[in-house]
């Protein structure tokens, strides 16, 4: 699945969300998903969460050591 992600500096992120969801066998209807972002002093995480929790969360971005 590395083909769906890119890395810039200390951040890794999904550059093809539609392709990633298709690879995972999930339909991408934006109304069915919401973006959750968790950030702290030194890190950032972003995941897609399925409304109703019928499908697993999909990690989209991760950054570390952001000082």
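In full-length UniProt numbering, the protein residues as written are 1 to 67. Backbone N, C-alpha and C fix where the C-beta goes; we use that ideal spot for every residue, glycine too.
CB-CB length for residue i against residue j, believed under 8 Å
| i | j | result |
| --- | --- | --- |
| residue 42 | residue 13 | Not quite, the Cβ-Cβ distance comes to about 17 Å (not below 8 Å), so this is no contact. |
| residue 32 | residue 18 | Their Cβ separation, rounded to whole angstroms, is 13 Å, which puts residue 32 and residue 18 out of contact at 8 Å. |
beta-carbon residue i near the ligand ADP non-hydrogen atom, thresh 7 Å
| i | result |
| --- | --- |
| residue 33 | In the structure shown, the ligand ADP is absent, as is every other ligand, since no ligand is present at all. |
Given residue i as reference, the closest of the options once Cα atoms are compared
| i | options | result |
| --- | --- | --- |
| residue 39 | 8, 61, 6 and 4 | 61 |
| residue 23 | 10, 66, 9 and 4 | 4 |
Residues of its chain near residue i, where Cβ-Cβ distance is below 6 Å and the 5 sequence neighbours each way are ignored
| i | result |
| --- | --- |
| residue 36 | 47 and 49 |
N-terminal and C-terminal residue of the beta strand (DSSP E) that residue i is part of
| i | result |
| --- | --- |
| residue 45 | 44-50 |
| residue 23 | Run containing residue 23: none in the beta strand (DSSP E); it sits in the alpha helix (DSSP H), 17-23. |
| residue 31 | Here residue 31 belongs to no beta strand (DSSP E), and DSSP marks it neither H nor E. |
| residue 6 | 5-8 |
8 Å Cβ cutoff met for residue i and residue j
| i | j | result |
| --- | --- | --- |
| residue 26 | residue 45 | no |
| residue 20 | residue 7 | no |
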